[in-house]
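**Q**
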Amino acid sequence: IPAVLDLVGLSGRGDDRIRSYSKGMTQRIGIAQAIVHEPELVLLDEPTSALDPVGRREVRDLIRFLTSRGTTVFLNSHLLSEVELVCDRVAIVDHGRVVRGGRLDDLVGGGAELRITLDRIDPAALELLRKFGAVVDVSDCTVTLSTGALDVAPRVAEAVFRAGYRLYALTPSHQSLEDVFLSLVQSTSDR
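Here the numbering used here runs 12 ahead of the position in the sequence shown, where the first position is 1.
1. Among R31, R29, G121, R40, whose alpha-carbon lies nearest the alpha-carbon of L19?
2. From what residue to what residue does the beta strand (DSSP E) around G114 run?
3. Contact check, E52 vs T79 under 8 angstroms by CB: the rounded distance?
4. Any idea what DSSP makes of R81, helix, strand or coil?
5. Hey, out of V54, V66, L74, whose CA is closest to L17's CA?
6. I43 lies in the alpha helix (DSSP H); which residues open and close that run?
7. Under the three-state reduction of DSSP, which class applies to A103: helix, strand or coil?
8. Which residues in the same chain as V164 place their Cβ atom closer than 8 angstroms to its Cβ, once the five residues preceding and following it in sequence are excluded?
9. Let me know if I13 comes out buried or exposed under the rule of 16 or more other beta-carbons within 10 Å of its beta-carbon.
10. Out of L97, E70, I47, state which residue places its alpha-carbon closest to the alpha-carbon of G36.
11. From the DSSP output, read off the bridge partner residues of P184.
12. Do E190 and L92 have their C-beta atoms closer together than 7 angstroms?
13. Out of T156, D28, L140, which has the shortest C-alpha to C-alpha gap to T129?
14. Since D18 is in the alpha helix (DSSP H), which residue starts that stretch and which ends it?
15. Just mark T183 as buried or exposed, buried being the case when its beta carbon has 16 or more other beta carbons within 10 Å.
16. If I measure Cβ to Cβ from S89 and keep anything under 6 angstroms in the same chain, skipping five residues before and after, which residues do I get?
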């Protein structure tokens, strides 16, 4: 038991009364109870709620530790940014129904975009940028380009430079799990 308490950040607190614990400490005790017998499957429901940023990181590290030793961790969470940090497979549930599931990389992998800010945007610049992906938005001197992958960024920069444009910014972004969730939930509520 002391080793498990150490794993969840409660080393030396084994003799304390649980009612004296904060909400975060109670969360940690719940995790300790779930893993004390080294199960093959651990179910965690919102394990980082009520934890401060340090506690959240410790829980993520613990989840990684458990999976590295072969434990399957089933994580339920509304904190999708946390899910992205520790999960390799996800299921998106809307009103009790799985609307999408699979490998995290497959779900969020297709949403790469580049925001490109030039000294000017003219028809020739748009034509040049369309060679690298679909133009999603044009605002002042910034073009948002849907590229499917971020590895085109160096080629975009080189092409823009060779065409005589000044490149002020090239900002890559990737679709997040939250973006995927919101688009799926929106599309199912539109039906």
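Heads up, the beta-carbon is just placed ideally off N, CA and C, and yes, glycines get one too.
Predicted model only: the values in this text are computed from it and were never measured.
**A** Based on what the coordinates show:
1. Checking every option, the nearest Cα to that of L19 belongs to R40.
2. DSSP places G114 in the uninterrupted beta strand (DSSP E) bounded by 109-115.
3. The Cβ separation is near 11 angstroms, so there is no contact.
4. R81 falls in the coil class under three-state DSSP.
5. In terms of Cα proximity to L17, the closest of V54, V66, L74 is L74.
6. I43 -> alpha helix (DSSP H) spans 35-47.
7. It is a strand residue.
8. These residues qualify, in order along the chain: L126, F144, G145.
9. Per the 10 Å Cβ criterion, exposed.
10. The shortest Cα separation from G36 among L97, E70, I47 belongs to E70.
11. Residue pairing by DSSP puts P184 in a beta bridge opposite L126.
12. Cβ distance < 7 angstroms, so E190 and L92 count as in contact.
13. Closest by alpha carbon: T156.
14. From DSSP, the alpha helix (DSSP H) with D18 extends over 14-19.
15. Around the Cβ of T183, a 10 Å sphere holds fewer than 16 other Cβ atoms; the residue is exposed.
16. So the list reads E58, V95, once near-sequence residues are dropped.
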